[in-house]
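With the numbering used here applied, the sequence shown covers -15 to 450. Backbone N, C-alpha and C define an ideal beta-carbon position, used for all residues, glycine too. Just so we're clear, the structure is a prediction, and the values are computed from it rather than from any experiment. Some notes on the structure that comes next.
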Amino acid sequence: MNCSYSPLTTALKRMKRSGSVSRPAVGKSAASIYSVARSKKQQKKDARKAEKAEKAAQRQQQRQTAAAAAEEGPFAANYGDVPVEDVQSKAVSGRSWTKVGDLDEGAAGRAVLVRGAAQAIRPVSKKMAFVVLRQSMSTVQCVLVASADASVSMQMVKFATALSKESIVDVEGVVSLPKEPLKATTQQVEIQLRKIYCVNRATPTLPINLEDAARSEAEFEKAEQVGEKLVRVGQDTRLNYRAIDPRTPSNQAVFRIQCQVGNKFGEYLLSKDFVGIHTPKLIAGSSEGGAAVFKLLYNGQPACLAQSPQLYKQMAICGGFERVFEVGPVFRAENSNTHRHLCEFVGLDAEMEIKEHYFEVCDIIDGLFVSIFKHLTTNCKKELETINGQYPFEPLKYLEKTLKLTYEEGIQMLKEAGTEIEPMGDLNTEAEKKLGRLVREKYGTDFFHFVPLSCGCTSVLHHAML
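Shown next as structure tokens:
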């Protein structure tokens, strides 16, 4: 086999073997090219080494701090890092954990075991420190005071203050009532700590500061007025570190309310003799007109993601089910960028046969929404308050008997307010919002039926159009 190399290739091979670029086998141009390429590569390599060294130094410092804090003392067994083998399901301890949200005045004097994230750690002195523990949307203040009577040593206080924020810890202590109301925590009690163990230690520096991620717009405006600049966590950053961002109280509340809406949706429809079904999401063709689809190949055959369960719901009705519903994903390749156009969302779908008038459907939808509104207002007060703290909103207004507004009445209200609408024409987004505001002012509700009795179009339902 005959192999030949150019002079430049040969020179580069020699330089690689010798490890030198100062004496190239060919002209300066070849050596210069190789030197520049090697220099850039070396710079990247050095940068990676420096980054690794910095992280290693941080970990080493953390280990040294923890080791120094965990010096042998009379109460050394009351604190420290939990060994990995202790959290690998080797045995059932029989211990009972208390939820942070259940800690109230009635728990005063009771010994509790709590697991949560160390949201804030504040050393007061060598003998005293505060640790704010967070679990879901609830927070509680833990107090560490070095005392032989309480089995708390100065080394234990030092260990606690050396913990990094967001580390997962187990604490044991006695619930007590504070002398003054607590402003920084949701629970109005304290835990006088007797033991503290780190289950999972967070890195010293997190990519997202949860205090920044949980701030409201009002806090930013207040800071600007006094010349203070606060860190604003952008959407891209939140999505890049999605495992951290949901720890904020408002995100916790949103997901819990979403869960309650889905559960109540199914519960109400089941009480009205609906049957829950599951329809295909990977199908051979479009399942609904008017919406673009995500296309793909499956084993060489064209396929797409379902835009809607509409076709399958109708098939179920024809199949004798009479009333069906589904809670499931919907995919739409929308060529729009508004809050009304989403490429993927969870759909709450229902279908039913109509005996003689579409008002039968309206009545079911009416009862469904009022039922959900009542449930959220009664059972999700804490979640709504939490969301309102970061993203302020006006409480939803609705009537026990839902208002039915005819098309003529709605158009007349808009005309009287200075908005002209073509006869029998559809309302655009701005007109819908304005009608919602007018109805709220006149009737005290955000939820109503807009009934087009005098035209041949289908029923339209508007709510919360603010």
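Could you give the distance in angstroms between the alpha-carbon of C497 and the alpha-carbon of H433?
In the structure displayed, the chain extends from -15 to 450; residue 497 sits before or after that span and is not available.
Can you tell me whether M408 is buried or exposed, with buried defined as 16 or more other CB within 10 angstroms of its CB?
As a position in the sequence shown, residue 408 is number 424, starting the count at 1. Counting Cβ neighbours within 10 Å, M408 comes out exposed, since fewer than 16 surround it.
Using 10 angstroms around the beta-carbon of Q219, count the other beta-carbons present and answer buried if the total reaches 16, otherwise exposed.
As a working note, residue 219 is residue 235 in the sequence shown. When all chains shown are included, Q219 counts as exposed.
Pick helix, strand or coil for C327, following the three-state DSSP scheme.
As a first step, residue 327 is located in the sequence shown; it is residue number 343 there, counting from the start. It is coil, neither helix nor strand.
Cβ contact (3+ pairs, closer than 8 Å) linking the segment 363 to 370 and the segment 234 to 250:
The segment 363 to 370, when compared against the segment 234 to 250, does touch it at the 8 Å Cβ threshold.
For F431 and Y375, which I take to be in contact (beta-carbon distance under 8 Å), what is that distance rounded to the nearest angstrom?
On the sequence shown, residue 431 is found 447 positions in, with the first residue counted as 1. On the sequence shown, residue 375 is found 391 positions in, with the first residue counted as 1. That belief does not hold up - the Cβ atoms of F431 and Y375 are roughly 20 Å apart, past 8 Å.
Paired residues, beta bridge with I267 - DSSP:
Numbered from its first residue, the sequence shown carries residue 267 at position 283. For I267, which the question treats as bridged, DSSP gives the partners C288.
Buried or exposed for L223, going by 16 or more other Cβ atoms inside 10 Å?
Taking the sequence shown and counting its residues from 1, the one referred to as residue 223 is at position 239. The residue in question, L223, is exposed, as its Cβ has fewer than 16 Cβ neighbours within 10 Å.
R216 to Y63, Cα distance in whole Å?
In the sequence shown, residue 216 corresponds to position 232, counting from 1. In the sequence shown, residue 63 corresponds to position 79, counting from 1. Here the alpha carbon of R216 sits roughly 36 Å from the alpha carbon of Y63.
Residue range of the unbroken alpha helix (DSSP H) whose run includes D220
Here residue 220 refers to the residue found at position 236 when the sequence shown is read from its first residue. Boundaries of the alpha helix (DSSP H) around D220: Q219 to N224.
C-alpha distance - E318 paired with G331, whole-angstrom precision
Locating residue 318 in the sequence shown gives position 334, counting from the first residue. Locating residue 331 in the sequence shown gives position 347, counting from the first residue. Pairing E318 with G331, the inter-Cα distance amounts to about 15 Å.
Would you mind giving the Cβ-Cβ distance between C327 and F343, rounded to the nearest angstrom? I have them listed as a contact below 8 Å.
Here residue 327 refers to the residue found at position 343 when the sequence shown is read from its first residue. Here residue 343 refers to the residue found at position 359 when the sequence shown is read from its first residue. Incorrect: roughly 34 Å between the Cβ atoms, too far for contact.
Could you work out which residue in G90, L387 and I175 is closest to G157 when comparing CA atoms only?
As a working note, residue 157 is residue 173 in the sequence shown. Nearest C-alpha to G157 among G90, L387 and I175: I175.
Measuring CB to CB, does V183 end up less than 8 Å from V71?
The residue you call residue 183 lines up with position 199 of the sequence shown. The residue you call residue 71 lines up with position 87 of the sequence shown. Yes, these two residues count as a Cβ contact at 8 Å.
First and last residue of the alpha helix (DSSP H) that includes G100?
By 1-based counting over the sequence shown, the position of residue 100 is 116. Per DSSP, G100 belongs to no alpha helix (DSSP H); it is in the beta strand (DSSP E), A95 to S109.
In terms of alpha-carbon separation, which member of M336, A186, Q298 and H323 lies closest to F258?
Taking the sequence shown and counting its residues from 1, one reaches residue 258 at position 274. Among M336, A186, Q298 and H323, the Cα nearest to that of F258 is on M336.
Can you name the start and end residues of the beta strand (DSSP E) that Y181 belongs to?
Along the sequence shown, one-based indexing puts residue 181 at 197. Residues E174 to N184.
Same chain, Cβ closer than 8 Å to T298, neighbours up to 5 away in sequence not counted
Position 314 of the sequence shown, counted from the first residue, corresponds to residue 298. Sequence inspection shows Gln at residue 298; the Thr mentioned does not correspond to that position. Annotation for Q298: E335 place their beta carbon closer than 8 Å to its own, counting only its chain and skipping 5 residues before and after.
Kindly confirm or deny that the segment 265 to 280 and the segment 249 to 257 touch, where touching means at least three C-beta pairs closer than 8 Å.
Contact between the segment 265 to 280 and the segment 249 to 257 is absent, with fewer than three C-beta pairs closer than 8 Å.
Would you call the segment 102 to 119 in contact with the segment 136 to 143, where contact means no fewer than 3 C-beta pairs closer than 8 Å?
Yes, the segment 102 to 119 is in contact with the segment 136 to 143.
By alpha-carbon positions, which one of V124, R178 and G93 ends up nearest to A132?
Taking the sequence shown and counting its residues from 1, one reaches residue 132 at position 148. The option with the nearest alpha carbon to A132 is R178.
Limits of the beta strand (DSSP E) - the one that C364 falls within:
Sequence index remark: in the sequence shown, residue 364 carries index 380 (1-based). That residue, C364, is in no beta strand (DSSP E); it is neither H nor E in DSSP.
Evaluate contact between the segment 161 to 175 and the segment 193 to 212, counting only Cβ atoms and requiring at least three cross-stretch pairs below 8 Å.
The segment 161 to 175 vs the segment 193 to 212: no contact.
Where does K279 sit, in a helix, a strand or coil, going by DSSP?
Indexing the sequence shown from 1 puts residue 279 at position 295. In this structure, K279 counts as strand in the three-state DSSP scheme.
Please report the straight-line C-alpha distance between M191 and S234, rounded to a whole angstrom.
On the sequence shown, position 207 is the one that residue 191 refers to. On the sequence shown, position 250 is the one that residue 234 refers to. Sequence inspection shows Pro at residue 191; the Met mentioned does not correspond to that position. The straight-line gap separating the alpha-carbon atoms of P191 and S234 is approximately 19 Å.
Count the other CB atoms within 10 Å of the CB of V423; is the residue buried (16 or more) or exposed (fewer)?
Here residue 423 refers to the residue found at position 439 when the sequence shown is read from its first residue. Buried: at least 16 other Cβ atoms inside 10 Å.
Quick check on R7: buried or exposed, where buried means 16 or more other Cβ atoms within 10 Å of its Cβ?
Counted from its first residue, the sequence shown places residue 7 at position 23. Caution applies to R7, whose pLDDT of 46 falls short of 50 and renders its modelled position unreliable; the value that the coordinates give is listed next. Exposed, by the Cβ-count rule.
Threshold first: 3 residues or longer. Then list the beta strand (DSSP E) segments lying entirely within the segment 360 to 418, N to C.
Here the runs fully enclosed are 387 to 390.
Can you name the residues that DSSP bridges to A113?
On the sequence shown, residue 113 is found 129 positions in, with the first residue counted as 1. For A113, which the question treats as bridged, DSSP gives the partners P107 and L128.
Assign D166 to one of three DSSP states: helix, strand, or coil.
Locating residue 166 in the sequence shown gives position 182, where the first residue counts as 1. Reading off the sequence, residue 166 comes out as Leu, not Asp. Note: L166 maps to coil in three-state DSSP.
If you measure between the beta carbons of R231 and A415, is that distance less than 8 Å?
The sequence position of residue 231 within the sequence shown is 247, counting from 1. The sequence position of residue 415 within the sequence shown is 431, counting from 1. A415 sits away from R231, with the two beta carbons spaced by 8 Å or more.
For I261, the three-state DSSP class (helix, strand or coil)
Start at 1 with the first residue of the sequence shown, and residue 261 comes out as number 277. DSSP places I261 in coil when its eight states are reduced to three.
H341 - partner residues in DSSP beta bridges:
Counting from one through the sequence shown, the residue named residue 341 turns up at place 357. DSSP, once it has assigned bridges, lists no residue as partnering H341.
Taking DSSP's pairing of strands, which residues face G250 in a bridge?
Here residue 250 is taken as the residue at index 266 of the sequence shown, counted from 1. DSSP, once it has assigned bridges, lists no residue as partnering G250.
In chain order, what residues of the same chain lie with their CB nearer than 7 Å to the CB of V311, ignoring the 5 residues before and after it?
Mapped onto the sequence shown, residue 311 falls at position 327. Excluding positions up to five away in sequence, the list reads G246, F249, G250, V330 and L332.
If we call anything under 8 Å between Cβ atoms a contact, is F357 one with L389?
Locating residue 357 in the sequence shown gives position 373, where the first residue counts as 1. Locating residue 389 in the sequence shown gives position 405, where the first residue counts as 1. Result no, Cβ atoms of F357 and L389 do not sit closer than 8 Å.
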